[in-house]
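**Q** Read left to right, the sequence shown gives residues 1 to 107 (full-length UniProt numbering).
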Amino acid sequence: MQTNTAYTRAQKRVREIKGFYHHVGVFIIVMLFFLVLRAFGFRFYFVNFDAVDPAFGDWLDWNLIFFPGIWLVVLIVHAVQVFWLKSERLRNWEQRKLKEILDKEQN
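(1) How big is the Cα-Cα spacing for residue 8 and residue 19?
(2) Residue 54 lies in the alpha helix (DSSP H); which residues open and close that run?
(3) With three or more C-beta pairs closer than 8 Å as the rule, is the region 20-31 touching the region 66-81?
(4) May I ask you to verify whether the region 21-40 touches the region 67-75, counting CB pairs closer than 8 Å and requiring at least 3?
Here it is as structure tokens:
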């Protein structure tokens, strides 16, 4: 029983780490897309931002700064949760809760 529980915990941990790396990969791909779009893509649609709307270029720049910034904060929180927040107290709570649920199901 103990080996099975350890294996299940290891599987869960691997899924958490894999999910974090997937999150990092998606972040990098989307940010590269935004950089390419900002550098080259909008030139094909608008020759001059100021001709369309004087504030459009500023609005676009702020969005391309804040969106990645907010996402980066979320990514950092995800990293903290996966790699550093797994304290002994939290692990003990998870084990107690798991045991409690299994005991209820057996009775």
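The C-beta atom is built at its ideal place from N, Cα and C for all residues, glycine as well. Quick caveat: nothing in here was measured; it's all calculated off a predicted structure.
**A** According to the structure shown:
(1) To locate residue 8, count along the sequence shown from 1; it is residue 8. To locate residue 19, count along the sequence shown from 1; it is residue 19. Answer to the nearest angstrom: the Cα atoms are 16 Å apart.
(2) In the sequence shown, counting from the first residue as 1, residue 54 sits at position 54. Taken as a continuous stretch (DSSP letters only), residue 54 belongs to no alpha helix (DSSP H), as it is neither H nor E.
(3) yes
(4) Touching, yes, given that three or more Cβ pairs across the two stretches are closer than 8 Å.
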